[in-house]
Amino acid sequence: MTRATIEAYYDAFNRGDLDAMLDTLHEDFAHNVNEGATRLGKAAFADFCRHMSETYKEHLTDMVVFSNDAGTRGAAEFTVNGTYLKTDPGLPEARGQTYVLPAGGFFTLKDGKITRVTTYYNLNDWIAQVSA
1 MTRATIEAYY DAFNRGDLDA MLDTLHEDFA HNVNEGATRL GKAAFADFCR HMSETYKEHL
61 TDMVVFSNDA GTRGAAEFTV NGTYLKTDPG LPEARGQTYV LPAGGFFTLK DGKITRVTTY
121 YNLNDWIAQV SA
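In structure tokens, the structure reads:
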């Protein structure tokens, strides 16, 4: 069930289906994004996702999902294939640059729902790609 929940989360991401992503989340949810502050709750996560979809167009490929036997922890490794659409404050100017970036996510689950997502990628690699 853990792997299926994580796969459903990322399948919804790739479809751009925020409601389906939110359906995979527990009411007690925390989102830790690379180089950023922790967001608590589904509403804060939804706001983040809306901002991201205005600023970046991303599709994840090469997905591999792992989980522990207890069904309480999981991870995913994947490639982010993206286009930088709109300048994000504090980052280089957006000009429609494309990027390909290895990334990963780490999960905690309770009652079959995600209580924590922590996302990691190499920000310096991304900056170099969109600055070239």
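Per full-length UniProt numbering, the sequence shown starts with residue 1, numbered consecutively.
A virtual CB, placed ideally from N, CA and C, is assigned to each residue, including glycine.
For clarity, every value in this text was computed on a predicted model and none was experimentally measured.
Can you say whether H51 is buried or exposed, counting buried as having 16 or more other CB atoms within 10 angstroms of its CB?
Start at 1 with the first residue of the sequence shown, and residue 51 comes out as number 51. Label assigned to H51: exposed.
Residues in the same chain with beta-carbon distance under 7 Å from L22, minus the five sequence neighbours each way, listed in chain order, please.
The sequence position of residue 22 within the sequence shown is 22, counting from 1. Excluding sequence neighbours, L22 sits near K42, A46.
My understanding is that E54 touches L123, with C-beta atoms under 8 Å, so please give their C-beta distance in whole angstroms.
Start at 1 with the first residue of the sequence shown, and residue 54 comes out as number 54. Start at 1 with the first residue of the sequence shown, and residue 123 comes out as number 123. That pair is no contact at about 19 Å.
Per DSSP, what kind of secondary structure is T24 in: helix, strand or coil?
Looking up residue 24 in the sequence shown gives position 24. Of the three classes helix, strand and coil, the one that applies to T24 here is coil, per DSSP.
Among the candidates T2, A37, F29, P102, whose CA atom is the shortest distance from the CA of D125?
Taking the first residue of the sequence shown as 1, we reach residue 125 at position 125. Residue P102 is the option with its Cα nearest to D125.
Between the Cα of L25 and those of M1, E93, G112, Q129, spot the shortest distance and give me the residue it belongs to.
One-based indexing of the sequence shown puts residue 25 at position 25. It is G112 whose Cα lies nearest to the Cα of L25.
How would you write the range of the beta strand (DSSP E) that R73 sits in, first residue to last?
Against the sequence shown, residue 73 aligns to sequence position 73. Start and end: 73 to 84.
What residues are listed by DSSP as bridge partners for R39?
Reading the sequence shown from its first residue, position 39 is the one you call residue 39. Answer is H31, bridged to R39.
Alpha carbon to alpha carbon, how far is R95 from D88? Give it in angstroms, no decimals.
Along the sequence shown, one-based indexing puts residue 88 at 88. Along the sequence shown, one-based indexing puts residue 95 at 95. Taking the straight line joining both Cα atoms gives about 11 Å.
Give every residue of the same chain whose Cβ lies closer than 7 Å to the Cβ of F13, excluding the five residues on either side of it in the sequence, and list them in chain order.
As a working note, residue 13 is residue 13 in the sequence shown. Here the set comprises M21, L60.
How would you call T2, buried or exposed, if buried means at least 16 neighbouring beta carbons within 10 angstroms?
Against the sequence shown, residue 2 aligns to sequence position 2. Counting Cβ neighbours within 10 Å, T2 comes out buried, since at least 16 surround it.
If contacts are defined as beta-carbon pairs under 8 Å, then K57 and G82 qualify, I think. What distance do you get, rounded to the angstrom?
Numbered from its first residue, the sequence shown carries residue 57 at position 57. Numbered from its first residue, the sequence shown carries residue 82 at position 82. With 8 Å as the limit, K57 and G82 qualify as a contact, their Cβ atoms being about 6 Å apart.
If I'm right that T115 touches A30 with Cβ under 8 Å, what's the distance once you round it to whole angstroms?
If you number the sequence shown from 1, residue 115 lands on position 115. If you number the sequence shown from 1, residue 30 lands on position 30. Between A30 and T115 the Cβ distance is about 7 Å, and since that is below 8 Å, they are a contact.
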